[in-house]
Structures are given as C-alpha cells and as structure tokens.
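J.: This structure is in structure tokens; I'll ask about it shortly.
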C-alpha cells in the first residue's frame with residue numbers, strides 16, 4: 053500500500069497551524085505558572101470570556117474579532133491586575149497561596165463559566181468574517197485562513213512578549229521575580245508590583261487567545277475545560293517560563309494531534325499527545341528548554 057504523502061503533508065501543515073494556536077492559548081499559563089508559580093487554573097475561562105466579548109462586538113457592530121481583542125486588551129489587563137491583587141491580599145501575603153490559592157482559581161473558573169451560561173446559555177456561538185470560510189490552495193496544500201491568521205497573530209504576539217521580557221527593565225524584572233525577590237528589591241523594583249504587572253499581562257493574552265479561538269471554532273461556556281490539561285502540559289513540556297520552549301512544545305503537540313487524528317481518528321489524538329509528553333519528560337524532566 054502506497055504511503056499517502058499528500059495527506060501526510062496536509063496533516064503536518066494543519067498540525068503546525070494548530071500548534072501556533074496552542075502557543076497563544078498557553079502563553080498566559082507560561083507567565084503565571086511558569087514564571088510566577090501561580091497555578092491559574094481559571095485561565096481557559098478568561099480565554100472563553102474573550103471569545104464571548106469578540107462575539108458580542110462582532111454581532112452588534114460587525115467589528116473583526118481579532119481587532120476587538122486588541123481594543124479590549126487594556127480591559128483584560130486591568131482585570132488581571134484586580135484578580136492578582138485579590139489573590140495577593142487573600143492568600144499570597146499570608147503564605148497560603150498553595151492549596152487555598154488553587155481553590156480560589158477553581159472558584160473563579162466556575163463562577164465565570166456559570167455567568168456565561170446565565171447570559172448566553174449553552175448554545176454554541178460563532179463570529180462572522182470573510183476570511184473564516186476562505187481556503188488557500190497551493191497544489192495539493194490546503195491552508196484555511198481561519199487557521200493561518202491565528203497562527204500569524206500568535207507568533208507575532210509571542211515574539212513581542214519575548215522581546216519585552218528580554219530587552220526591557222520591567223521584562224527582566226518579571227523573569228527575575230520568581231528567582232530572587234530580595235535581590236529585585238535591592239534594584240529598586242517592588243516585587244509585588246512586578247508580579248501584578250506580569251499576571252495582568254498573562255490575563256491580557258487571554259483576550260487575544262479568545263478571539264482566535266472563536267475564529268477557529270464556535271464556542272460555548274464550558275469549552276475552556278478542554279484546554280486546562282493541554283495548556284499546563286505544553287507549559288511543562290516547553291520548560292517552565294520559557295516562551296520559545298512554549299512555542300516548540302505547542303507545535304510538537306499540534307503536529308502529533310493532527311497526524312494522529314488524520315490517520316487513526318480524533319479519539320486517539322489526546323492519548324497519543326499526552327503519551328508523547330510523558331515520554332519526552334522521562335528523558336528531559338526540565339522540559340525542552342528548561343534549566
């Protein structure tokens with residue numbers, strides 16, 4: 053039996069595009085969990101919230117969902133600042149951030165989900181844009197724009213964040229805050245303020261990820277649960293706090309899932325993907341680019 057080369061290449065391309073989307077979904081967790089050691093289990097709920105905001109603006113005003121996400125970035129940043137301040141004053145300040153902090157984010161996850169159900173119901177919602185139904189064809193390659201544009205936006209966002217973290221004082225302070233808060237204080241930087249900025253940035257990325265999610269597929273309030281295990285797996289696989297590692301891990305997971313779904317069926321994709329994760333961590337416990 054001849055190997056289906058064309059089918060394999062299309063599955064590979066689809067996996068790369070899917071991996072780009074996984075990267076933008078995970079980047080907020082890479083900052084909050086990988087750098088700040090805050091287990092924000094509610095992050096996928098903020099992503100779904102971003103999807104619904106893009107949906108409302110698109111349906112009522114006809115604004116492109118990706119443009120909407122850029123417009124509401126400051127709102128999500130402010131929301132992240134408030135959430136971190138509540139978390140700090142309630143748990144971190146008293147050294148109770150481990151179990152009780154996790155409970156706080158679980159509660160936030162379910163409260164956000166219930167509010168979305170009360171407002172929108174459980175029906176799937178989708179947005180309208182010309183490019184969503186457009187497919188670019190190059191020979192036997194099929195590239196749907198609803199996947200290509202999220203991939204491009206995701207890579208641009210991750211490049212921008214990497215430059216910010218590596219080239220600016222605030223960015224370097226964010227990278228340092230998890231390592232030595234006392235040394236950071238001696239450099240005239242308030243560790244709590246730096247952590248608040250970092251957490252706010254992680255929530256702001258959810259606005260972009262949410263808009264890209266609803267471009268790729270219709271959403272409903274509980275959809276975020278499907279991504280909880282995946283985003284933490286990518287974060288760990290890439291190396292805690294490493295944005296380049298996040299990109300590589302997301303691409304690998306996307307490719308594995310796409311090829312598995314194409315040749316063996318979608319039901320096998322999660323099992324094979326997480327099996328790949330476990331095998332990789334067995335040989336590289338710190339992750340692909342972890343220290």
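Numbering (the working numbering), first residue to last: 53 to 343.
A virtual CB, placed ideally from N, CA and C, is assigned to each residue, including glycine.
The structure displayed is predicted, hence computed values, not measured ones.
1) When the Cα atoms are used, what is the spatial distance from residue 68 to residue 109?
2) Rounded to whole angstroms, what's the CA-CA distance from residue 92 to residue 191? Just pull it up for me.
3) For the region 179-225, which segments carrying the beta strand (DSSP E) assignment without a break, of at least 3 residues, lie completely within its bounds, in sequence order?
4) Let's test the definition: count the other Cβ atoms within 10 Å of the Cβ of residue 273 and tell me whether it reaches 16, buried, or not, exposed.
5) Report back the beta-carbon spacing between residue 287 and residue 85 to the nearest angstrom; my notes put them in contact at under 8 Å.
6) Where does residue 336 fall in DSSP's three states?
7) Determine the extent of the alpha helix (DSSP H) in which residue 245 is found, giving its start and end residues.
8) Looking at the strands, I want to know which residues DSSP matches up with residue 271.
9) Applying the criterion that 16 or more other CB atoms from any shown protein chain within 10 Å of the CB defines a buried residue, is residue 278 buried or exposed?
10) For a test of the three-state rule: what should DSSP assign to residue 93, helix, strand or coil?
11) So, do the region 242-262 and the region 87-101 have three or more beta carbon pairs nearer to each other than 8 Å?
12) Which residues in the same chain have their Cβ closer than 8 Å to the Cβ of residue 102, if we skip the five residues on either side of it in sequence?
13) Work out the CA separation of residue 302 and residue 329 for me, nearest whole Å.
14) Quick one: any contact between the region 69-77 and the region 292-312, if contact means 3 or more CB pairs under 8 Å?
15) Here's a check: name, in chain order, each residue in its chain whose Cβ is nearer than 6 Å to the Cβ of residue 186, leaving out the five neighbours to either side.
16) How would you call residue 218, buried or exposed, if buried means at least 16 neighbouring beta carbons within 10 angstroms?
17) Do residue 76 and residue 210 have their C-beta atoms within less than 9 Å of each other?
18) Where does residue 294 sit, in a helix, a strand or coil, going by DSSP?
19) Is it the case that the Cβ atoms of residue 66 and residue 227 are separated by a distance below 9 Å?
20) Run the CB neighbour count on residue 126, radius 10 Å, all protein chains shown included, and call it buried at 16 or more, exposed below.
21) Beta-carbon separation of residue 82 and residue 305 under 9 Å?
22) Terminal residues of the continuous alpha helix (DSSP H) containing residue 230?
23) Excluding the 5 residues flanking residue 90 on each side, which residues of the same chain have their C-beta closer than 6 Å to its C-beta?
24) As a quick exercise: from 173, 139 and 60, pick the residue whose alpha carbon is nearest that of residue 94.
T.: The short version:
1) 29 Å
2) Roughly 44 Å separates the two Cα atoms.
3) 187-190 and 193-196
4) buried
5) 6 Å
6) coil
7) 243-268
8) BP columns for residue 271 point to 177.
9) For residue 278, the number of other beta carbons within 10 angstroms of its own is below 16, and it is reported as exposed.
10) coil
11) yes
12) 121, 124, 128, 258, 259, 260, 261, 262, 263 and 265
13) 11 Å
14) yes
15) 197
16) exposed
17) yes
18) coil
19) no
20) So residue 126 counts as exposed.
21) Cβ atoms of residue 82 and residue 305: not closer than 9 Å.
22) Looking at the DSSP string, residue 230 is not in any alpha helix (DSSP H), and its letter there is neither H nor E.
23) Excluding sequence neighbours, residue 90 sits near 84.
24) Nearest option by C-alpha distance: 139.
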